[in-house]
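Here is the structure we will look at, set down as structure tokens.
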Amino acid sequence: MALHQTIETHNQDIEDVYSTDASQRRLPKYRLPEHSTAASAAYNLVRDELLLDGNSRQNLATFCTTWVEPEVQKLMADALDKNMIDKDEYPQTAEIENRCVHIIADLWHAPKSWDTIGCSTTGSSEAAMLGGLALKWAWKKRREALGLPTDKPNFVCGPVQICWKKFARYFDVEMREVPLRGDALGLQPQDLRDYCDENTIGVVATLGVTFTGIYEPVAALAQALDALQRDLGLDIPIHVDAASGGFVAPFIQREVEWDFAVERVKSINASGHKYGLAPLGVGWVVWRSKVDLPEDLIFYVDYLGGNMATFALNFSRPGGEIIAQYYNFLRLGREGYTRIQQACSDTAQWLAQELACIGPLELVYDGQGGLPAVCYKLKDGVDHGFTLYDLSERVRMRGWQIASYPLPSDRQTVVVQRVLVRHGVSRDLIALLLQDLRTGIDFLQRNPVLHSTAGPTFSHGAEAAPALQLSA
Ligand SMILES: *Cc1c(COP(=O)(O)O)cnc(C)c1O
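In structure tokens:
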């Protein structure tokens, strides 16, 4: 190459990204660099590092959205500057959030869905905190009015997601997690009498238990609480953690009674970014009626010329996810959601049938009646020569991420594997996974693992290794 050409092209603006100074050095990782880097070079370097994150579409451990339409991507980019809290500057974003609350309240059979109250959150965790706080405040007010002590609140639940353990600790409420008895995979109505008392702020029922995908029997739990009220005079409300099920059951299991149709259900949370099909960063909490959210939890702030009510842990938050949620409602309608969730559910049940034919495996949840998911274990009483953790590692070599972990509370000796089928996970993709599972099991049977070092891969709220607890 002629000398003058080399000099001419040594210009940051036209130089190839991978021959710039920045791309020929190891970059400082834990301190701010002294100098600036050209945007294109910095962009490529950051993007390249993210290649190591793996491929979210093959992550069958997550409940969260990993596929959206191009229109959602566009709306997200359009909404980059929208702060949902700034209702004065972005009144239409605020109106859209409000519409979503009422659409969801209607979907969940709130008696006066147009007049009820609710809000968007960052996800189900924040929504659960708000639901729990409302229960705590309402209980406290009832007790104070009667001159009774308010220092020992508790809530009763089955195998809950980690957000409820956080709620208990952060807000100083005792969590009474009922152990799984016998073959039960969730809270049972007959458990309630032993665990509830006058200090119980509420029962938390889960629609779509994280560990297995089953629904806890909300209507039957409510009946048990009705009996408790008749016998002991305790009027204990239910909050439903419908993080995943809240956007599944209303479409494909309409016969299941779990929502505000059950009178004792006072509040419900769900993750817009799970089966709500919105991109990451949105959850919802809705109360049965305005009276179920104690007034003292609501802050009224004068903000840029308006007076507005806010009940949330955060203040500023992006508006894009809420707008994308509304887009999905408009775009898909009841018909679209039903078709998507039914397709996922059918594929999960198909996978369950296929897995049932694989010798060493035994189904724990077959995808029927709960979330579009499958949960299975290794058959008891046989030395298989490998664990499900080893199997997770084998299929990981093909890029699949499948969660393996012990069941919670009293059933920790049972290790299960769970596959979630969500939007964008087609029958064909699951068939490819199935083939890799068969190949993996075949390999492990021929090459037993003598000293396995594989352990739980994801925890989803289980008490596993501290570093793993943080995975969502
Ligand atoms: C995922 C999940 C949560 C937490 O929801 P985020 O939106 O991730 O904060 C809470 N409860 C249940 C049952 C869940 O599945």
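The letter at position 222 of the sequence shown is residue 204 when you use my numbering, and the numbering goes up by one with no holes.
Quick reminder that beta carbons are idealized off the backbone N, C-alpha and C, glycines included.
Remember, it's a predicted structure, so these values are computed and weren't measured experimentally.
DSSP-derived helix/strand/coil call for residue i
i: Q399; result: strand
i: Y0; result: helix
i: I183; result: strand
i: W269; result: strand
i: S408; result: coil
i: I86; result: helix
i: T220; result: Thr is not the amino acid found at residue 220; the sequence shown has Ile there. The answer is strand: DSSP assigns I220 an E or B state.
i: K248; result: strand
i: S386; result: strand
i: T75; result: helix
i: S41; result: Per the sequence shown, the amino acid found at residue 41 is Asn instead of Ser. It is a strand residue.
i: S253; result: strand
i: F138; result: It should be pointed out that residue 138 corresponds to Val in this sequence rather than to Phe. Note: V138 maps to strand in three-state DSSP.
i: L432; result: coil
i: G36; result: coil
i: L416; result: helix
i: T369; result: coil
i: C178; result: coil
i: G422; result: helix
i: G227; result: helix
i: Y25; result: helix
i: L262; result: coil
i: L14; result: coil
i: P448; result: Any reading at P448 is ruled out, since the residue's pLDDT is 38, under 50, leaving its predicted position unreliable.
i: L203; result: helix
i: V189; result: The sequence given here has Leu at residue 189, not Val. Correct three-state label for L189: strand.
Spatially closest choice to residue i from the options, by CA coordinates
i: E317; options: E159, V200, I234; result: I234
i: A291; options: L210, P15, C101, L34; result: C101
i: A21; options: T192, D3, P261; result: D3
i: V222; options: G215, Q211, P430, W240; result: W240
i: Q350; options: T329, G215, C339, D365; result: T329
i: L389; options: C357, D424, V244; result: C357
i: I67; options: A187, V397, V283, R400; result: V283
i: S1; options: T19, L14, K11; result: T19
i: I220; options: F153, P342, A116, K122; result: A116
i: G190; options: L432, S106, N289; result: S106
i: T320; options: I218, G258, E51, G129; result: G258
i: S5; options: E31, W269, A201; result: E31
i: T48; options: V397, A109, P261, L411; result: P261
i: E156; options: C339, E126, D179; result: D179
i: R124; options: Y12, T182, L62, L345; result: T182
i: D274; options: E245, C145, Q170; result: E245
i: L120; options: Q307, P430, W269; result: This sequence places Ala at residue 120; Leu is not what is there. Among Q307, P430, W269, the Cα nearest to that of A120 belongs to W269.
Residue i, buried or exposed, once every other Cβ within 10 Å from all chains shown has been counted against 16
i: K248; result: buried
i: G36; result: exposed
i: D(-2); result: exposed
i: T395; result: exposed
i: G443; result: Unreliable positioning characterises G443 in this predicted model, as indicated by a pLDDT of 46, which lies under 50. A coordinate reading is not provided.
i: A413; result: exposed
i: F469; result: Residue 469 falls outside the range modelled here, since the chain spans only -17 to 454, and no answer is possible.
i: L9; result: exposed
i: P354; result: buried
i: V403; result: buried
i: I384; result: buried
i: Q335; result: exposed
i: D362; result: exposed
i: G129; result: exposed
i: H17; result: exposed
i: D348; result: buried
i: L427; result: It should be pointed out that residue 427 corresponds to Gln in this sequence rather than to Leu. By the neighbour-count rule (16 or more Cβ atoms within 10 Å), Q427 is not buried but exposed.
Near ligand 3: residue i beta-carbon under 7 Å from a heavy atom
i: Y197; result: For the structure depicted, ligand 3 is absent and the ligand set comprises only ligand 1.
In chain order, each beta strand (DSSP E) run of at least 3 residues that lies wholly inside the segment 325 to 366
Complete beta strand (DSSP E) runs here, min 3: 343 to 347, 355 to 360.
Stretch pair the segment 75 to 91 + the segment 287 to 304: three plus CB contacts closer than 8 Å:
yes
Which ranges does the alpha helix (DSSP H) cover as unbroken runs of at least 4 residues, wholly within the segment 46 to 73, from first to last along the chain?
52 to 60
Examine the Cβ distances between the segment 264 to 271 and the segment 10 to 26 and report whether three or more of them are shorter than 8 Å.
no
Along the chain, which unbroken stretches of the alpha helix (DSSP H) at least 4 residues long are found entirely within the segment 144 to 173?
Every alpha helix (DSSP H) stretch that sits fully inside the segment 144 to 173 and reaches 4 residues is listed by chain position as 144 to 152.
With a cut-off of 8 Å, do at least 3 Cβ pairs link the segment 402 to 418 to the segment 31 to 48?
yes
Is there contact between the segment 89 to 99 and the segment 225 to 243, where contact requires at least three CB pairs shorter than 8 Å?
yes
Curious, which full-length beta strand (DSSP E) runs of at least 3 residues does the segment 272 to 328 contain?
Counting whole runs of 3 or more residues, the segment 272 to 328 contains the beta strand (DSSP E) stretches 281 to 285, 288 to 292.
Taking one C-beta from the segment 427 to 436 and one from the segment 370 to 388 each time, how about it: are there three or more such pairs within less than 8 Å?
yes
Count the C-beta pairs between the segment 196 to 207 and the segment 165 to 183 that are closer than 8 Å, then say yes if the count reaches three, no if not.
yes
Complete alpha helix (DSSP H) runs within the segment 102 to 136 (minimum length 4 residues, chain order):
106 to 127
At least three beta-carbon pairs within less than 8 Å, the segment 326 to 342 to the segment 378 to 385:
no
Below 8 Å, how does it come out for the segment 179 to 186 and the segment 128 to 139: are there three or more Cβ pairs, yes or no?
yes
Under 8 Å: do the segment 158 to 166 and the segment 209 to 216 share three or more Cβ pairs, one atom per stretch?
Not touching, per the Cβ criterion.
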